[in-house]
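Chemist: Mind having a look at this structure? Questions to follow.
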Amino acid sequence: MKALYGVLIIIEILALGVCALKAEKRRGKLAKIVFCYESVAFLCGIIFAAYTFVPGVFVTTLCKGLTLACFDWLLILLMYYTQYYTGLFHGVRVVKLLMEAYAAIETVMLIVNAWTHHMFSVGEMTGDMIAVEFVKGSFFYQMHFIYSYVLIAILILAYLFMIARASKFYRFRYEVILSALVVGFVLDLLSIHSQSIYDVSMIMFGVMSMLIYYFTFSYVPNELIESTLSLIIRDMNNGIICFDNRGTCVYCNDLVRKLYKVSGRPDVLEQMYWNWLSDSGEKRADLMRFQMPVEEDGKERYYEIVYKRVYDDKNNFVCDCFIFNDRTEEIESLEHEKYRASHDRLTGLLNREQFYLDTSERLHQNPDKKYCIICSNIRDFKFVNELFGIEKGNDILLRQAELMRTHTGAGALCARLQGDRFAVCMEQKAFREEMLFEIVEKIQEEVNNSSFRLHVFAGVYNIQNPKEPVSIMCDKANLASETIKNDYHSSLAYYDDELLKRSIEERRIIGEFERALEQNEFVMFLQPQVDEAGKAYGAEALVRWEHPERGLLSPAVFIDILEKAGLIYKLDRYIWEKAAEKLAEWKKNNAGAYHISVNISTKDFYLVDVYETFTGLVQKYEIDPEMLKLEITETALMSDFKKNMEILKRLQDFGFKIEIDDFGSGYSSLNMLKDISADVLKIDMGFLRASENEVKGKDILESIIVLADKLGMEVITEGVETEKQLSMLTRMGCKMFQGYYFSRPVPVDEFEEKYGIN
Numbered sequence: 028m029k030a031l032y033g034v035l036i037i038i039e040i041l042a043l044g045v046c047a048l049k050a051e052k053r054r055g056k057l058a059k060i061v062f063c064y065e066s067v068a069f070l071c072g073i074i075f076a077a078y079t080f081v082p083g084v085f086v087t088t089l090c091k092g093l094t095l096a097c098f099d100w101l102l103i104l105l106m107y108y109t110q111y112y113t114g115l116f117h118g119v120r121v122v123k124l125l126m127e128a129y130a131a132i133e134t135v136m137l138i139v140n141a142w143t144h145h146m147f148s149v150g151e152m153t154g155d156m157i158a159v160e161f162v163k164g165s166f167f168y169q170m171h172f173i174y175s176y177v178l179i180a181i182l183i184l185a186y187l188f189m190i191a192r193a194s195k196f197y198r199f200r201y202e203v204i205l206s207a208l209v210v211g212f213v214l215d216l217l218s219i220h221s222q223s224i225y226d227v228s229m230i231m232f233g234v235m236s237m238l239i240y241y242f243t244f245s246y247v248p249n250e251l252i253e254s255t256l257s258l259i260i261r262d263m264n265n266g267i268i269c270f271d272n273r274g275t276c277v278y279c280n281d282l283v284r285k286l287y288k289v290s291g292r293p294d295v296l297e298q299m300y301w302n303w304l305s306d307s308g309e310k311r312a313d314l315m316r317f318q319m320p321v322e323e324d325g326k327e328r329y330y331e332i333v334y335k336r337v338y339d340d341k342n343n344f345v346c347d348c349f350i351f352n353d354r355t356e357e358i359e360s361l362e363h364e365k366y367r368a369s370h371d372r373l374t375g376l377l378n379r380e381q382f383y384l385d386t387s388e389r390l391h392q393n394p395d396k397k398y399c400i401i402c403s404n405i406r407d408f409k410f411v412n413e414l415f416g417i418e419k420g421n422d423i424l425l426r427q428a429e430l431m432r433t434h435t436g437a438g439a440l441c442a443r444l445q446g447d448r449f450a451v452c453m454e455q456k457a458f459r460e461e462m463l464f465e466i467v468e469k470i471q472e473e474v475n476n477s478s479f480r481l482h483v484f485a486g487v488y489n490i491q492n493p494k495e496p497v498s499i500m501c502d503k504a505n506l507a508s509e510t511i512k513n514d515y516h517s518s519l520a521y522y523d524d525e526l527l528k529r530s531i532e533e534r535r536i537i538g539e540f541e542r543a544l545e546q547n548e549f550v551m552f553l554q555p556q557v558d559e560a561g562k563a564y565g566a567e568a569l570v571r572w573e574h575p576e577r578g579l580l581s582p583a584v585f586i587d588i589l590e591k592a593g594l595i596y597k598l599d600r601y602i603w604e605k606a607a608e609k610l611a612e613w614k615k616n617n618a619g620a621y622h623i624s625v626n627i628s629t630k631d632f633y634l635v636d637v638y639e640t641f642t643g644l645v646q647k648y649e650i651d652p653e654m655l656k657l658e659i660t661e662t663a664l665m666s667d668f669k670k671n672m673e674i675l676k677r678l679q680d681f682g683f684k685i686e687i688d689d690f691g692s693g694y695s696s697l698n699m700l701k702d703i704s705a706d707v708l709k710i711d712m713g714f715l716r717a718s719e720n721e722v723k724g725k726d727i728l729e730s731i732i733v734l735a736d737k738l739g740m741e742v743i744t745e746g747v748e749t750e751k752q753l754s755m756l757t758r759m760g761c762k763m764f765q766g767y768y769f770s771r772p773v774p775v776d777e778f779e780e781k782y783g784i785n
């Protein structure tokens with residue numbers, strides 16, 4: 028019996044030593060406390076073994092005292108362990124210091140007791156009995172048991188408290204330590220007066236020390252793992268289904284049950300599993316990802332499903348697992364971003380880039396169908412924002428988008444290309460002009476104002492080559508619409524090849540213009556201004572383009588194009604310079620009596636400092652400003668009447684003569700005569716032709732000539748082509764003429780030769 032007891036103690040000592048060594052290798056505050064606790068328990072086991080088996084009263088007495096001292100320190104370490112293991116006893120620092128001080132004093136007293144016997148004494152060992160007699164009146168004897176048992180009671184209460192408040196998954200670890208502590212305490216109470224060497228309470232406290240190590244570092248119950256995972260899986264946003272190697276559903280969480288409306292046994296899931304395996308066939312891999320829409324509460328949600336086949340360490344098939352990852356928000360966010368990238372934010376129609384892509388794709392997918400592109404624009408839409416506000420402008424654009432959706436049908440692609448420019452791609456057989464006119468009419472109703480009327484115009488391009496870039500197709504439709512931009516009676520125009528030729532010509536003119544200016548390809552022609560007898564007093568400067576490849580180009584080929592492109596001011600400035608240079612040459616050759624009239628266009632007032640330019644030319648070439656006459660149309664004046672009149676007044680004060688060109692072509696001519704102090708009035712030749720055989724026309728024309736004379740203005744009638752016209756105008760009092768009857772516009776050297784200017 029004694030030998031068996033000794034073996035048991037040795038095994039326990041070795042186990043405690045192993046626990047101490049393993050705890051020493053771990054990190055953290057709790058690991059340090061466990062290491063100290065296991066080390067003291069190991070030391071206590073060795074001392075208790077010596078107490079039990081080493082003969083001699085002194086050794087037995089000393090070992091008994093050391094065992095009791097170790098027990099005191101074990102209780103203190105157990106309190107520290109309980110503090111970190113349970114979270115209790117954080118606020119009792121002073122109490123713990125007093126306990127440590129007392130344990131230190133009692134340790135000394137228990138060691139001294141081997142000589143003084145003031146706490147207990149040991150008699151001779153007889154067989155399996157050791158006679159230990161405590162001094163009952165001793166203060167330290169009484170304090171030892173009070174200290175030990177009160178501390179054990181506090182620890183028992185602490186673990187009872189943790190068991191009461193802890194989750195059921197974690198209760199077991201507290202329950203085991205509490206059970207060992209209670210059993211050891213009871214056994215210790217029972218063995219106080221026992222003389223037997225077989226102290227089972229010490230064995231129990233050793234077991235408790237090993238349990239402390241195990242439950243601190245090693246124990247994780249399967250129930251805890253399964254229950255914890257079950258809770259995590261149940262509450263997570265992901266769904267999980269597992270099928271064993273026979274196709275039986277061994278697990279599915281609540282999310283999957285909800286998605287597939289499964290209650291009770293998941294037979295429907297097993298059937299879906301078998302169907303999926305059958306459909307996958309050889310395409311099935313051990314790890315796959317695919318997306319699947321699932322309807323949930325009447326709303327479609329999108330799940331990414333991760334499939335994984337699980338094998339054991341021997342590569343045997345264990346189960347198939349499906350994980351459902353909810354990607355609804357992510358996909359909706361991507362769809363939203365994709366929508367924002369492909370659609371116009373205001374109207375919700377396709378934007379330009381997406382319209383090009385979708386149209387190209389549709390044409391590619393339907394090569395046998397005939398499609399057309401319709402592009403629309405609103406003339407001077409910027410004035411809508413300025414007159415009625417941006418909000419009203421947006422309302423008009425939204426209204427147009429709505430009308431396009433409802434009238435063009437589901438098969439049409441509608442887009443807002445930019446600003447007020449819209450486009451539609453639809454089948455030619457579905458397009459009806461009445462549909463477009465109805466849209467235009469309803470859009471125009473959005474602005475009911477007598478001072479401003481919306482003019483919506485559209486161009487249609489019937490697609491001939493589906494492989495042509497869609498941007499070019501839109502350009503062609505826009506090109507058609509531009510032809511009616513200024514025609515308020517038209518809303519629709521069709522593209523044809525002549526328009527393309529015209530567009531190419533315009534681009535060619537614009538592209539070659541700067542080079543032509545630099546190389547002086549533009550030449551000044553002069554059309555004489557003469558009296559009745561044909562005597563010249565001067566000329567109007569006109570321009571021709573002496574193209575190196577195309578020969579001499581008439582102004583009709585390029586003037587309008589340059590005006591639309593906003594480049595006319597450069598050409599005007601070029602001719603002004605040429606006229607001033609020629610006047611300086613004539614002055615030098617004593618031919619300074621001849622003047623040259625140059626034209627000022629509307630754009631010049633916006634893009635050129637007219638006053639500084641002309642005064643600069645006079646100073647540069649040292650010419651008389653009266654010889655460089657300035658012609659301006661009433662239309663140019665009316666673009667900004669007050670500002671332009673101030674400029675002309677300053678030029679007159681400087682010495683320039685101002686001519687009103689094309690008089691009679693506008694609608695405010697008489698009113699303009701009242702407000703403008705011009706020097707010369709040029710009567711438009713169109714007015715002359717319209718008046719030739721009409722009595723009223725003659726009377727009006729004669730009245731204008733007389734009126735101009737009374738206002739102190741000279742009169743030049745331009746466009747005189749016949750002797751009959753000349754006779755009629757002479758009788759009316761006109762003294763200066765310009766027209767083909769006398770001379771066409773001629774090169775400068777021909778003009779000089781004809782009129783004897785050297």
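Take any residue in the sequence shown, note its place counting from 1, add 27, and you have its number in the working numbering. All C-beta atoms in this analysis are idealised placements derived from N, C-alpha and C, irrespective of residue type, glycine included.
#1: Could you spell out where the alpha helix (DSSP H) holding D792 opens and where it closes?
#2: Here's the rule: buried if 16 or more other CB atoms are within 10 angstroms of the residue's CB, otherwise exposed. What is W301?
#3: Could you tell me the distance, in whole angstroms, from the CA atom of I268 to the CA atom of L182?
#4: Am I right that L101 and V67 are in contact with their C-beta atoms under 8 angstroms? What's the rounded C-beta distance?
#5: Does the distance from the CB of Y107 to the CB of T94 come in under 8 angstroms?
#6: Going by the DSSP bridge assignment, what does M319 pair with across the sheet?
#7: Spell out the partners DSSP gives R443 in its beta bridges.
#8: Report the option in Y338, L519, M551 whose CA atom is closest to the CA atom of L506.
#9: May I have the straight-line CA-CA distance separating S628 from I595, to the nearest angstrom?
#10: Tell me where the alpha helix (DSSP H) around V177 begins and ends.
#11: Considering only residues of the same chain and omitting the five flanking positions on each side of G92, which have a CB-CB separation below 7 angstroms?
#12: Compare the C-alpha of L657 against each of L634, A606, D702 and name the closest.
#13: CA-CA distance, M763 and L553?
#14: Considering just the uninterrupted stretch of the alpha helix (DSSP H) at L101, what are its terminal residues?
#15: With a threshold of 16 other CB atoms inside 10 Å of the CB of R200, please say whether the residue is buried or exposed.
#16: Below 8 angstroms, can you find three or more Cβ-Cβ pairs linking the region 183-194 to the region 109-125?
#17: Could you check whether G438 and E461 sit closer than 8 angstroms to each other, using their CB atoms as the reference points?
#18: Using only alpha-carbon positions, find the residue among D306, E545, Q752, I586 that is nearest to L728.
#19: A312 and N378: beta carbons closer than 8 angstroms?
#20: For a test of the three-state rule: what should DSSP assign to N343, helix, strand or coil?
#21: Which full runs of the alpha helix (DSSP H) of 4+ residues lie inside the region 461-544, going along the chain?
#22: Using the Cβ count rule (16 or more neighbours within 10 Å means buried), how would you classify I38?
#23: List the whole-angstrom C-beta distance separating L390 from P493, where the pair is believed to meet the contact cut-off of C-beta under 8 angstroms.
#24: Report the three-state DSSP secondary structure of K676 (helix, strand or coil).
#25: Should M235 be labelled buried (16 or more other beta-carbon atoms within 10 Å of its own) or exposed?
#26: Do N626 and D688 come within 8 angstroms of each other at the CB atom, strictly closer than that value?
#27: Leaving out the 5 sequence neighbours to the left and right, which residues in its chain are closer than 6 angstroms to D347 when beta-carbon positions are compared?
#28: So, helix, strand or coil for V34, using DSSP?
#29: Tell me V159's beta-bridge partners as DSSP assigns them.
#30: In the structure shown, what three-state DSSP assignment does G783 receive?
#31: From M740, E777, Y768, K725, pick the residue whose C-alpha is nearest to that of M755; which is it?
Modeler: Taking the structure as given:
#1: Residue 792 lies beyond the residue range present for the chain, which begins at 28 and ends at 785; the question has no answer from this structure.
#2: Looking at its Cβ environment, which holds fewer than 16 other Cβ atoms inside 10 Å, W301 is exposed.
#3: Their backbone Cα atoms lie some 45 angstroms apart in a straight line.
#4: The Cβ separation is near 6 angstroms, so the contact holds.
#5: For Y107 and T94, no; Cβs fall outside 8 angstroms.
#6: The partner list for M319 (beta bridge, DSSP) reads Y330.
#7: Note: R443 is bridge-paired with F449 in the DSSP secondary-structure output.
#8: When each option's Cα is compared against that of L506, the closest is L519.
#9: Straight across, the Cα-Cα distance linking S628 with I595 is about 8 angstroms.
#10: Here the alpha helix (DSSP H) through V177 covers 166-192.
#11: Around G92: L137, I138, N140, A141.
#12: Just measuring C-alpha positions, the residue of L634, A606, D702 sitting nearest L657 is A606.
#13: As the crow flies, the alpha-carbon of M763 is around 16 angstroms from that of L553.
#14: L101 -> alpha helix (DSSP H) spans 84-113.
#15: It is buried - the Cβ of R200 has at least 16 other Cβ atoms within 10 Å.
#16: Segments in contact, yes.
#17: Taking C-beta atoms as the reference points, E461 and G438 fail to come closer than 8 angstroms.
#18: Nearest C-alpha to L728: Q752.
#19: At the C-beta level, A312 and N378 stay beyond 8 angstroms of one another.
#20: When DSSP states are grouped into helix, strand and coil, N343 belongs to the coil group.
#21: Listed in chain order, they are 497-509.
#22: By the neighbour-count criterion, in which a residue is buried when 16 or more other Cβ atoms sit within 10 angstroms of its Cβ, I38 is exposed.
#23: So it is a contact: roughly 4 angstroms between Cβ atoms.
#24: If DSSP states are grouped into helix, strand and coil, K676 belongs with the helices.
#25: Burial call: buried.
#26: Yes, they are a contact pair.
#27: Excluding five sequence positions before and after D347, the CB atoms of its chain that fall closer than 6 angstroms to its own CB belong to F270, R336, given in chain order.
#28: V34 falls in the helix class under three-state DSSP.
#29: According to DSSP, which records beta bridges pairwise, V159 is partnered with V149.
#30: Residue state for G783 is assigned as coil, using DSSP reduced to three classes.
#31: Closest option to M755, judged by alpha-carbon separation, among M740, E777, Y768, K725: K725.
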